[in-house]
Each structure stands twice: as structure tokens, then as C-alpha cells.
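Asker: My structure is below; once you've seen it, I'll send some questions.
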Amino acid sequence: MARIRLADRLAAARAERVAKAALRTRREIQAREGAKVLVDGRQLVSFCGNDYLGLSQHLDVVSALQEAAAWHGVGSTGSAGVSGHHSEHAAFEREMAQWLGYERGLLFGSGYQANLAVLQSLLEEGDVCVQDKLNHACLIDGARLSGCELKRYPHADVEAAMRQLMSRRDGAALLATDGVFSMDGDQAPLADLALVARAQDATLYVDDAHGIGVLGPEGRGSLAVAGLTSREVPLLLVPLGKAFGGQGAVLLGSAALVSHVAETARPYLFSTAPAPAMAAAMRASLRLIRTQPWRRAKLASLVARFRRGASARGLPLQESFTPIQPIVLGDNTRALAASKSLETQGYLVSAIRPPTVPEGQARLRVTLSCDHSEADVDGLLNALAEAVKSRPDPVTA
Ligand SMILES: Cc1ncc(COP(=O)(O)O)c(C=O)c1O
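In C-alpha cells, the structure reads:
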């Protein structure tokens, strides 16, 4: 068989993405103040970031980062096992574990890296990992990296999860789910999944990227809402790029589970530890999350206002009561056209297309933040009513 030229294959794949309106481009943010962003020299109100509580530019958080960088430098100088583990990291891990009621925390440079690490190190060939079909890509990729059997149940279908676990009784079993689904905003049926995990001797692992900080008392997230603790959910991941307003992720679990990951996970062992200054900033975010409940209250009221306004205007809402409010439009060209129309009207809401969402479910993923005002939300609603009517433009589509 003749060797395929890589360049030819890439060119064909790109042509296919162009034909399917699936090209991905990056928008350059030239400046940002809260939800206001400067893009191509124009000020837009962004409704597609994940800074739910508006902490990424909070003075306390920024000052903590600056001060720690001044003392400790920018880089951590090495992987955590060699020279990169700093007392800022250790203090933050302890504070997170104590806050959420776990024995031990472990800080990673990103949520994606953490999920690769957790699943790769805990699971192996002969094990089974059962996951919701709409779980974030890094949970799926982590299971693939581990060599275990990956089974994916239809979204939020607890009985299907049970059947998939029952069909495989040998090897270890891990049941993994997002707490709040990143592209849909709905909440996983955690209490029922906990019962299934217990009945099937499976370890329940929850990635609460979009629930932490936003839901529950003190912002303790999806587990607190469902009345669950470390007993029912032995492993919890808290990514820091959303409500915490920073970067990284903290794994929480028993000393035995977390130590195993810290000592054996390749994506952890062979990667430079995050900046100590980021850990210091995240300690400041944690203090604000715990002590400023008004941020959650304001966010909840903006979510309710958005939903009321959207249904009054006949916009297609999903069953989501979190700051993630998708408007599902179907095909890629329609989502792109609506996003473009919003931009013309002064709003940045990117079009989310496959493979981030299933085929035929392209959407505008609207996200709300404490940084928005009621007037911002009302303005977006009016613009959305106009945008969803817009027809695809044959040039950009
Ligand atoms: C549920 C979930 N887990 C993990 C991640 C990845 O985290 P990070 O962006 O820190 O890599 C994301 C999104 O980015 C997410 O939505």
C-alpha cells in the first residue's frame, strides 16, 4: 500500500470542515473589563465566557497573583515531584480538601490534564469506565488513555448506567459524570447515580467544573445540592477556569486514591507544576466564593431574568437552571449566522458546533456572569430574537 502524504490528508480534512461550516477560528480579545470585551477594535458584551462569579479580574485575586509572582517568580521550575511543589500549592490543596470535606487535594495545571491523569492512573485493561454520553471530552479521552473498556450511556439515563455496570462484573468499575453539563447546563442525576454506584461497587467520580462556586451553600457545588459527600462520591474534580476565575484543577479524594494519582499518573508526573502565583490567586478566589453569597444570588436572578425573557420571546430554551443557557439551532450554518448577527448587534456569543456537541445540535451557548447587568441581559434577549431569524450567509457558511 502506498504511503499517504500527511499534507494531502490534512488539506482534504480541512476542505471537508469548510464544506460542513465546521472551521474553527479564534477571536482575539484585545482588552476586557468584566463582560465587556474589545474585539477587532469594537466593544462587545461577551456572553460566552465562564467567569460566572466575575472573579477573574477581582482586585483580591489579581493582587494575590501579583504579590506571589513578585515573591516566588512566574514559573514553578519543575514537575511537582522534582522541584515544582510550592507551599502555595500545598496550602491551597489543604484548604480545598477541608472546604469540601475530603482527606486530600491535588492541584493540576488544567482540568483536561487532571482528567487524563485520574483515569489513566486509576484504571487499566480489564476495568470498565461508565460515562454519560455528554461528559466533557477529557473524561472520555482519559478513559481511552487508560486502556479500560469505555461504555457511554444515553444522557442522564441512570438505568442505562446501571445496565452497563451490570454487564461487566469483572475488573474495577468507575462511574464518571459531569456535575453540570458544559454545553447544556443541566445537572446530572447525582443522587441516583450514587445509588447505582453503591449497588454496583463502582467508584463515583464527579467533574464539577460548572457547578462549583455557582451552586449550593457557600458555592460547594453539585454535591452539596444533591446532599452527597465524600462517602458517596469518593472522587471529585474542581476545575478552576470557571467560577474560580483562574486556571488549573483540584482533585479531591481519600489519601489513598489521591496519593495513587500523584505517584503514578503520567500526565501529572511528566508536566511542569502550575505557577505558585496561580495557587495564591485561587486561594483568594476561594475566600470570595465562600464569603460573598451575593454573587450567586445575583447570578441566579440574571439566569431567571434570561429564562423569563427568552420564553416571552419564543426562543428555544433548554432545561437548564444554571448560568449555561444554550439556544440550540440545529445546523452549523444557522448557528454561525446567528452568532454573526449577535456580533453585529454588539454581543459576543460563539457558535458551538460538532464535535463539541452532537451532530445536528449546533447552538449558541449563552453564559451568564455576575459581571452582567440586567440591561445587558435584556439587550441580549432583544438581539437574540433578531439573530435566530437570520438566514445563513453563503460566504461565511
Ligand atoms: C466539565 C469540564 N471538565 C473539564 C474541563 C477542562 O478544564 P480545563 O479548561 O481546565 O482544561 C472543562 C472545560 O474546559 C469542562 O467543562
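Here this note's numbering is used: the first residue of the sequence shown is 772, the next is one more, and so on.
From the three backbone atoms N, C-alpha and C, an ideal C-beta is built for every residue, glycine too.
1) Can you give the beta carbon distance from Gly876 to Ala888, rounded, assuming they're within the 8 Å contact cut?
2) Is the stretch 985 to 1005 close to the stretch 832 to 850, with three or more CB pairs under 8 Å?
3) Whole-angstrom Cβ separation of Leu1007 and Val977, contact assumed at under 8 Å?
4) At a cut-off of 7 Å, would you count Ser1001 as near ligand 1, judging by its Cβ distance to the nearest heavy atom?
5) Consult DSSP for Phe879 and reduce its assignment to one of helix, strand or coil.
6) Taking Leu1100 as the reference, give the member of Ala959, Pro1094, Asp955, Ala1071 with the closest Cα.
7) Which partner residues does Ser1121 have in the DSSP bridge list?
8) Is the number of C-beta pairs between the stretch 819 to 832 and the stretch 1057 to 1072 that are closer than 8 Å three or more?
9) Excluding the 5 residues flanking Arg923 on each side, which residues of the same chain have their C-beta closer than 6 Å to its C-beta?
10) Say yes only if the C-beta of Ser938 is nearer than 7 Å to one or more non-hydrogen atoms of ligand 1, and no if none qualify.
11) Under the rule that 16 or more other beta-carbon atoms within 10 Å means buried, what is Ala1083, buried or exposed?
12) Where does Leu781 fall in DSSP's three states?
13) For a test of the three-state rule: what should DSSP assign to Leu1008, helix, strand or coil?
14) Ligand 1 heavy atoms versus the CB of Val909: any closer than 7 Å?
15) Can you give the Cα-Cα distance for Asp972 and Ala944, rounded to whole angstroms?
16) Ala968 and Leu946 look like a contact to me (Cβ under 8 Å); what is the Cβ gap, rounded to whole Å?
17) Let me know if Lys1160 comes out buried or exposed under the rule of 16 or more other beta-carbons within 10 Å of its beta-carbon.
18) Terminal residues of the continuous alpha helix (DSSP H) containing Cys909?
19) Distance cutoff 8 Å, beta carbons only. Does Ala1158 sit that close to anything in chain B?
20) Nearest-angstrom Cα distance between Val899 and Leu893?
21) Where are the alpha helix (DSSP H) runs, 4 residues long or more, that stay fully inside the stretch 824 to 906, in chain order?
22) Measuring CA to CA, which of His860, Ala1133, Gln958 is closest to Gln1018?
23) Going by DSSP in three states, Leu794 sits in which element: helix, strand or coil?
24) What are the partner residues of Ala755, as DSSP defines its beta bridges?
25) Using the rule of at least 16 other Cβ atoms within 10 Å of the residue's Cβ for burial, across every protein chain shown, is Pro1045 buried or exposed?
26) Taking only the alpha-carbon atoms, compute the straight-line gap between Asn886 and Asp979 and give it to the nearest angstrom.
27) List in chain order: all unbroken alpha helix (DSSP H) runs of 4+ residues lying wholly within the stretch 1069 to 1118.
28) Could you tell me whether the stretch 846 to 863 touches the stretch 1032 to 1049, using the rule of 3 or more Cβ pairs below 8 Å?
29) Thr796: buried (16+ other C-beta within 10 angstroms of its C-beta) or exposed?
30) Do Ala1169 and ligand 1 come close, with the Cβ less than 7 Å from some heavy atom?
Answerer: On the basis of the coordinates in this document:
1) On the sequence shown, residue 876 is found 105 positions in, with the first residue counted as 1. On the sequence shown, residue 888 is found 117 positions in, with the first residue counted as 1. Contact doesn't hold; Cβ gap of about 14 Å is too wide.
2) no
3) Position 236 of the sequence shown, counted from the first residue, corresponds to residue 1007. Position 206 of the sequence shown, counted from the first residue, corresponds to residue 977. The Cβ separation is near 5 Å, so the contact holds.
4) Here residue 1001 corresponds to residue number 230 of the sequence shown, with the count starting at 1. Incorrect: Ser1001 has no Cβ contact closer than 7 Å to ligand 1.
5) The residue you call residue 879 lines up with position 108 of the sequence shown. In the structure shown, Phe879 sits in a strand (DSSP, three-state: E or B).
6) Indexing the sequence shown from 1 puts residue 1100 at position 329. Nearest option by C-alpha distance: Asp955.
7) Here residue 1121 is taken as the residue at index 350 of the sequence shown, counted from 1. According to DSSP, which records beta bridges pairwise, Ser1121 is partnered with nothing at all.
8) yes
9) As a position in the sequence shown, residue 923 is number 152, starting the count at 1. For Arg923, where only same-chain residues beyond five positions count, the Cβ hits under 6 Å are Gln902, Lys904.
10) Walking along the sequence shown from the start, residue 938 turns up at place 167. No, the Cβ of Ser938 stays beyond 7 Å of every heavy atom of ligand 1.
11) What you label residue 1083 is simply residue 312 of the sequence shown in a count that begins at 1. Looking at its Cβ environment, which holds fewer than 16 other Cβ atoms inside 10 Å, Ala1083 is exposed.
12) Counted from its first residue, the sequence shown places residue 781 at position 10. Of the three classes helix, strand and coil, the one that applies to Leu781 here is helix, per DSSP.
13) Locating residue 1008 in the sequence shown gives position 237, counting from the first residue. Note: Leu1008 maps to strand in three-state DSSP.
14) Looking up residue 909 in the sequence shown gives position 138. Note that residue 909 is Cys in the sequence shown, not Val. Cys909: yes, Cβ under 7 Å from ligand 1.
15) If you number the sequence shown from 1, residue 972 lands on position 201. If you number the sequence shown from 1, residue 944 lands on position 173. About 7 Å.
16) By one-based count along the sequence shown, residue 968 stands at place 197. By one-based count along the sequence shown, residue 946 stands at place 175. Indeed they touch by this definition, with Cβ atoms about 5 Å apart.
17) Taking the first residue of the sequence shown as 1, we reach residue 1160 at position 389. So Lys1160 counts as exposed.
18) Translated into positions along the sequence shown, residue 909 becomes position 138. Note, Cys909: alpha helix (DSSP H), 908 to 917.
19) You won't find chain B in this structure, because it holds only one protein chain.
20) As a working note, residue 899 is residue 128 in the sequence shown. As a working note, residue 893 is residue 122 in the sequence shown. Their Cα atoms are separated by approximately 11 Å.
21) 830 to 843, 858 to 871, 882 to 893
22) Start at 1 with the first residue of the sequence shown, and residue 1018 comes out as number 247. Checking every option, the nearest Cα to that of Gln1018 belongs to His860.
23) Looking up residue 794 in the sequence shown gives position 23. Coil.
24) No information on residue 755 is available, as it lies outside the stretch 772 to 1168 that the chain covers here.
25) Sequence index remark: in the sequence shown, residue 1045 carries index 274 (1-based). With 16 or more other Cβ atoms within 10 Å, it is buried.
26) Numbered from 1 along the sequence shown, position 115 holds the residue referred to as residue 886. Numbered from 1 along the sequence shown, position 208 holds the residue referred to as residue 979. Those two C-alpha atoms are separated by around 12 Å.
27) 1103 to 1115
28) yes
29) Here residue 796 refers to the residue found at position 25 of the sequence shown. Under this definition Thr796 is an exposed residue.
30) Residue 1169 is absent from the structure shown; the chain starts at 772 and stops at 1168.
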